[in-house]
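One structure is given here, and the rest of the page talks about it.
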Amino acid sequence: MYIKKIIWAIAIIGLILAAIFGYYIYNAMLAPNTAFNNDEAYIYVPSNANYAEVREQLEPLLKDIDAFDALAKQKKYTTNLKAGRFAIKKGMSNNDIINSIRQNNLPLQIAFNNQETLSKLAGRISTQIEADSLSLLKAMTDPEFLTASGFTDKTALGMYIPNSYEFFWNTSAEGFRDRMLKEYNRFWNDSRNAKAKAIGLTRDEVMTLASIVHEESKQASEQPRIAGVYMNRIRIGMPLQADPTLKFAAYQLPEYQNTIIKRVLNKHKEIKSPYNTYMNTGLPPGLIAMPDVSAVDAVLNFEKHSYLYFAANAKKLGFHKFAKTLSQHNANAREYHNYLSSQGINR
């Protein structure tokens, strides 16, 4: 009888321990442990992060951070972190969360448009991936990389084709730069290379001219016609006389820092710079801005016509009037200058 009681006691204790263990397992591993109302939340684990940094992000998202700590330690997550962007879905258990932030680094879409300089591009990208702007700019301007890739500090901006791309958040600065070189070479497919060769321009020259076309007009419908004007000028040895290049040259000078030139004046035409296309014939040594794809393709598919001039259209802002003769152009330009004066735009 006594032995039976002992057996029963052991059995009951075993059941109690099993229940306690089961309760622990359920709460530590299987019970939902999210505290947010959205369908999912994201955490960003930096490269070389420690568990305290990850915990700081997790704590406001979880009901019981201590239970998570215990399981994370048991599963050795605390000493085996993975960098990246991770999703935690509403209702996940601790076990699910650990599996997700250990294995499922999620890519994201990053985008950039017409950044004027590599510095501004680096700043834009640094808001979207882990790499900071200084490391990005250093990677973009690395002399060894530029030489090996066939770029100079004047043409490097042309390597970055404005678009939307998929990246992992923890992509390094060098990783971003190298990927963009691949995208650049993909952009310059056989068709575009053949068109550049047919019009007698290199890739860099196409990108440089496209940057001027883009700064002249954001209207994709008239960019091929503007490109045609410049190709006509190149063909006959006429200076490009592109006002955006004068602005670019001016902005390199101390007196024009932190200013906006709304009206190109004769004094700007006297600026001594290789980017002054009133003084110098041919293309400037590099891009003056990052062109849209539409502007690049406008150069490669420029409209064949007899126009040598164009001026902003005062009656249809954003568009231009084209002319074949200087007298007609002067009349068009005078009309636009009168409009600027009427608006009080004198510089």
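Counted from 1, the sequence shown has number 363 at position 42 by my numbering; the numbering is strictly sequential. Using N, Cα and C, we set each Cβ at its ideal position, and we do this for glycine too.
Every unbroken stretch of the alpha helix (DSSP H) spanning 4 or more residues and falling wholly within the segment 520–568 is given here in chain order: 524–537 and 544–557. The residue among S615, R546 and F569 with its C-alpha nearest the C-alpha of I581 is F569. DSSP lists Y365 as the bridge partner or partners of R406.
When DSSP states are grouped into helix, strand and coil, S662 belongs to the helix group.
Its Cα nearest to that of D390, the residue N416 stands out among N416, G405 and A408. For F623, the closest alpha carbon among the candidates V550, L586, Q578 and M480 is that of V550. Judged by DSSP in its simplified three-state form, N506 adopts helix. The beta carbon of W490 lies closer than 7 Å to those of Y365, G405, R406, L429, I450 and E451 in the same chain, with the five residues before and after it left out.
Between the segment 584–594 and the segment 521–535 there are fewer than three C-beta pairs closer than 8 Å, too few to call the two in contact. In the DSSP secondary-structure assignment, P353 is bridged to S414. One thing to note: N634 has its Cβ no nearer than 7 Å to the Cβ of F643.
For E437, the secondary structure class from DSSP, reduced to helix, strand or coil, is coil. DSSP places F488 inside the beta strand (DSSP E), whose first and last residues are N484 to F489. Within the same chain, T602 come within 7 Å of G558 by CB-CB distance, once the 5 residues on both sides are set aside.
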